[in-house]
Amino acid sequence: MSVHAKRAVALAAGLSSPAVVMADWTMNMSPGVTGTSNQIFSLHMTILWICVAIAVVVFGVMFWSIFAHRKSQGAKPANFHENTVVEILWTIIPFAILVAMAIPATATLVEMYDTTESDVDIKITGYQWRWQYEYINEDFGYFSSLSTPRDQIENRQAKGENYLLEVDNPLVIPVGKKVRFLLTANDVIHSWWVPEFGVKKDAIPGFINETWTRVDEPGIYRGQCTELCGKDHGFMPVVVEAVPEEDYNAWVAGQREAAEKERQLTEKDWTMDELMARGEKAYQTACAACHQADGSGMPPAFPALKGSPIATGEMDAHIDIVVNGKSGTAMQAFGNQLSEVDLAAVITYERNAWGNNTGDMVTPKEIFDYKNQE
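Letter by letter, the sequence shown follows residues -23 to -1, 1 to 351 in mature numbering (1 follows the signal peptide of the UniProt record, and there is no 0).
Here it is as structure tokens:
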């Protein structure tokens, strides 16, 4: 039997007796872990049962009428019109039902939009394709990027439990505290969504949207960007870790200390090996999605960096395009996304990786000075 014949037989066998595959799914919404999400769930269930009751009554009357007044039993159609009582009833009853549903829904909406008296304020900025979290009153912030290995994405490795829903730096918030989120975007429209919080808000360039949450249970909660924002839209997860207040305060203290150390690294004397090691890590996080891990790029939208005239040419031009981006292209400005240390490291890495071997080294102090010249 030929190869094509064997494939045809296998296909026919598969179609005639398909395997039953059951995914993890549910027919209903899930209760959340916040007061708001539980109110939304309760509203959903209340309105669902109202709709079920209406359907039972309407279809019950309809089927009874069809059966009891069928022609085969000698029923004669009634001839009437403009029945004032009927018209009043079918106006008042739906109106009363709508009012009954609107009252609790309005109360929930008013509470959802009340962002006053927050305990923690966090600014969330969407980038292609990651999130920046800035703790407004704590003087630190960081980026949160997808941490699923490329080998899993490219089917060279088995998928993990949280495939495409895991990040390097989750958003950390305290349990039992009102957390206000200020959302915006740096490039295109994104949308920050955590279903268990009952929170979904667009992040729009040039605008600040507000929302809030108060998480009742410690845990890790996952969501995604729900606004189509470019080629890696599906690689932009949201991970929030809710921790007890004592743990949160200790974490904040550690982040402040780390932010201060990062600022001090600008004046450190870096070696080429140190910059290359840090630069490779920064490149994999911020650049590899477009320019590829091996620097080959995806021309024409994302040019190769391996052997590139930018990565092997004039140093100032290379620094400028990484710091300020390039207008009219997909190349973003990373001046505000990466620290001076990471900018210096990634530029050094690009100039010496994949056989570029220019021998050039950029220091964080040079990046700092370059920014201040602009």
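Heads up, the beta-carbon is just placed ideally off N, CA and C, and yes, glycines get one too. Every value quoted in this text rests on a predicted model; they were computed, and no experiment measured them.
When DSSP assignments are scanned along the stretch 111 to 163, the uninterrupted stretches of alpha helix (DSSP H) that are 4 or more residues long and fall wholly within it turn out to be 127 to 130. In the three-state reduction of the DSSP assignment, W26 falls in the helix class. As computed with DSSP, W108 is found in a beta bridge with G103 and S121. DSSP lists W169 as the beta-bridge partner residues of C202.
Burial state of I43 is exposed, judged by a 10 Å Cβ sphere holding fewer than 16 other Cβ atoms.
When rounded, the separation of the alpha-carbon atoms in D145 and K178 is 22 Å.
D96 carries a coil assignment under DSSP once its states are collapsed to helix, strand and coil. The residue from V97, D96, D116 and S121 with its alpha-carbon nearest to that of W108 is S121. R255 counts as buried, since no fewer than 16 other beta carbons sit within 10 angstroms of its beta carbon. Taken in chain order, the complete beta strand (DSSP E) segments of 3 or more residues contained in the stretch 270 to 339 number zero; there are none.
Only residues of its own chain outside the window of five on either side were considered, and among them L20 have a CB closer than 7 Å to the CB of A82, listed in chain order.
Burial is judged here by how many other beta carbons sit within 10 angstroms of a residue's own beta carbon; W67 has fewer than 16 and is exposed. Around the C-beta of F40, fewer than 16 other C-beta atoms lie within 10 Å, and the residue is accordingly described as exposed.
The C-alpha of M4 is placed about 25 Å away from the C-alpha of M89. In this structure, the alpha-carbon of L160 lies about 6 Å from that of T102.
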